[in-house]
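Worksheet: the structure to be examined is printed underneath.
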Amino acid sequence: MPNNVIDQSKDITILEVLDRVLNKGVILTGDIVISVADIDLVYLGVKLMLSSVETMEKLKSGQSLTENYPNN
Amino acid sequence: MEKSLIYVYCILESPAKSSKTIEFNGLNSMMIDDFQVVFKSVCLNEFSEENFKRNLSDLLWIETNAREHVEVIKWLMEENSVIPFKFGTIYYSENTLRKFIEDYSDSLKENFSEISGKEEWAVKIYCDRKSLSEQIDELSEEAAELEKQIMASSPGRGFLLKRKKNEFVETEMTRICNKFGQEYYDEFRKLSTAKYLNNLLPKDYTGREDSMILNASFLVNKNMVNDFMNKGDILMKRDSNSGFSIEINGPWPAFSFISIKENSNAE
Numbered sequence: 001m002p003n004n005v006i007d008q009s010k011d012i013t014i015l016e017v018l019d020r021v022l023n024k025g026v027i028l029t030g031d032i033v034i035s036v037a038d039i040d041l042v043y044l045g046v047k048l049m050l051s052s053v054e055t056m057e058k059l060k061s062g063q064s065l066t067e068n069y070p071n072n
Numbered sequence: 001m002e003k004s005l006i007y008v009y010c011i012l013e014s015p016a017k018s019s020k021t022i023e024f025n026g027l028n029s030m031m032i033d034d035f036q037v038v039f040k041s042v043c044l045n046e047f048s049e050e051n052f053k054r055n056l057s058d059l060l061w062i063e064t065n066a067r068e069h070v071e072v073i074k075w076l077m078e079e080n081s082v083i084p085f086k087f088g089t090i091y092y093s094e095n096t097l098r099k100f101i102e103d104y105s106d107s108l109k110e111n112f113s114e115i116s117g118k119e120e121w122a123v124k125i126y127c128d129r130k131s132l133s134e135q136i137d138e139l140s141e142e143a144a145e146l147e148k149q150i151m152a153s154s155p156g157r158g159f160l161l162k163r164k165k166n167e168f169v170e171t172e173m174t175r176i177c178n179k180f181g182q183e184y185y186d187e188f189r190k191l192s193t194a195k196y197l198n199n200l201l202p203k204d205y206t207g208r209e210d211s212m213i214l215n216a217s218f219l220v221n222k223n224m225v226n227d228f229m230n231k232g233d234i235l236m237k238r239d240s241n242s243g244f245s246i247e248i249n250g251p252w253p254a255f256s257f258i259s260i261k262e263n264s265n266a267e
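Line by line, the protein sequences give chains A and B. Heads up, the first sequence is in my numbering, so the first residue is 1 and it goes up one at a time. Heads up, the second sequence is in my numbering, so the first residue is 1 and it goes up one at a time.
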């Protein structure tokens, strides 16, 4: 299997994950569920985080944002 | 005992084929109607409406929990058909969860028949316009013709033609990107049973120098996954010199292909 094209689900960026779990799947059915406005806020947070060079470097290398986070 | 909430990951088609023991690490399952619902009990401290919304402003909390949400579902889909729930779908009680499952059972069954034996794969196509511009004479007859005229012209006229060509190349590259994007989309669509177009992500989000020209998800029969991958490889070999690159990742639970409709006889 060609490794250059295929990413076999490791090193998936948080954006890729959020893109699916926040907007898709079985939605609007729980007693509590994230609203569209909440999702916008999450993405705003992501955008702020991405403005950091260090975060961008992590995303490029496929690392989790939480890895080596100083407060963890 | 502290009151807890029910956080739902997904529903498995019953009878579950899984040899896995679901009940560990806080995970649990219950049969409702014809479905096996996989959930965990979560505490109000973290997941009450107010606390949950507060946690949503903590990106590290979201990442940890969103990744866990996906990992649990991926683990279960290794052996089962799975309908994934959106991250953070929470029920106050078993009764409200039961009511949901019963109200939507027909739709859930329809969804299972759509996604059974299939996986979601994400395809992103990027184009590096600089590389593309270097190959433009190979890909565009008009650009090649302009280049020929430039070569045959006096320096003065050549200068003007060059400027004309530069303007033309910008428009032409957009046209070529659209053409290639459409072709990739059509090729992968032929090897899938359903498709979903996502928004293109700007460079701020991708952290890449090249531009995203296609962001799509495809529902692929498990026995077609190799063909799907090979198609990506073939297209990459053909087009990488022109500045195109492909990113395929998966398998994902069929997040993009779930559509739930209330039963017509539900109250």
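Note that beta-carbon positions come from the ideal geometry of N, C-alpha and C, so glycine has one too.
Work out the CA separation of residue j and residue i for me, nearest whole Å.
| i | j | result |
| --- | --- | --- |
| R208 of chain B | W121 of chain B | 21 Å |
| E23 of chain B | S41 of chain B | 12 Å |
| F87 of chain B | R54 of chain B | 15 Å |
| K130 of chain B | Y196 of chain B | 29 Å |
| E145 of chain B | K162 of chain B | 12 Å |
| S35 of chain A | Y185 of chain B | 31 Å |
| L76 of chain B | E183 of chain B | 34 Å |
| S52 of chain A | E79 of chain B | 40 Å |
| R20 of chain A | A216 of chain B | 12 Å |
| L12 of chain B | L214 of chain B | 32 Å |
| F112 of chain B | N241 of chain B | 41 Å |
Does the Cβ of residue i have 16 or more other Cβ atoms within 10 Å, making it buried, or fewer, making it exposed?
| i | result |
| --- | --- |
| T174 of chain B | exposed |
| G30 of chain A | buried |
| P84 of chain B | buried |
| L22 of chain A | buried |
| C43 of chain B | exposed |
Where do the N-terminal and C-terminal ends of the alpha helix (DSSP H) with residue i fall, by residue?
| i | result |
| --- | --- |
| I12 of chain A | Premise fails: I12 of chain A is in no alpha helix (DSSP H) and is neither H nor E. |
| V42 of chain A | V36 to L50 |
| K24 of chain A | First-last for K24 of chain A: undefined, no H or E at that position. |
| D204 of chain B | K203 to T206 |
Since residue i and residue j are thought to touch, with beta carbons under 8 Å apart, how far apart are those beta carbons, to the nearest angstrom?
| i | j | result |
| --- | --- | --- |
| V42 of chain A | L5 of chain B | Wrong, their Cβ atoms sit about 20 Å apart, outside the cutoff. |
| Y205 of chain B | L50 of chain A | 6 Å |
| L219 of chain B | I176 of chain B | Between I176 of chain B and L219 of chain B the Cβ distance is about 28 Å, and since that is not below 8 Å, they are no contact. |
| K124 of chain B | M236 of chain B | Wrong, their Cβ atoms sit about 12 Å apart, outside the cutoff. |
| G243 of chain B | L132 of chain B | 4 Å |
| N249 of chain B | I14 of chain A | In fact, because the Cβ distance is near 13 Å, the residues do not count as touching under 8 Å. |
| K222 of chain B | E187 of chain B | That belief does not hold up - the Cβ atoms of K222 of chain B and E187 of chain B are roughly 19 Å apart, past 8 Å. |
| V46 of chain A | V70 of chain B | Not quite, the Cβ-Cβ distance comes to about 16 Å (not below 8 Å), so this is no contact. |
Start and end of the beta strand (DSSP E) containing residue i?
| i | result |
| --- | --- |
| G232 of chain B | Segment V225 to D239 is the alpha helix (DSSP H) holding G232 of chain B; no beta strand (DSSP E) there. |
| F218 of chain B | S211 to N221 |
| F244 of chain B | F244 to W252 |
| E13 of chain B | S4 to E13 |
Within the region 29 to 107 of chain B, note down every full beta strand (DSSP E) run reaching 3 residues or more, in order along the chain. If we require 3 residues or more, the beta strand (DSSP E) runs fully inside the region 29 to 107 of chain B come out as 35 to 43 and 82 to 84.
Fully enclosed by the region 126 to 193 of chain B, which alpha helix (DSSP H) runs are 4 residues long or longer? Within the region 126 to 193 of chain B, the complete alpha helix (DSSP H) runs of at least 4 residues are 129 to 134, 136 to 139, 141 to 152 and 155 to 190.
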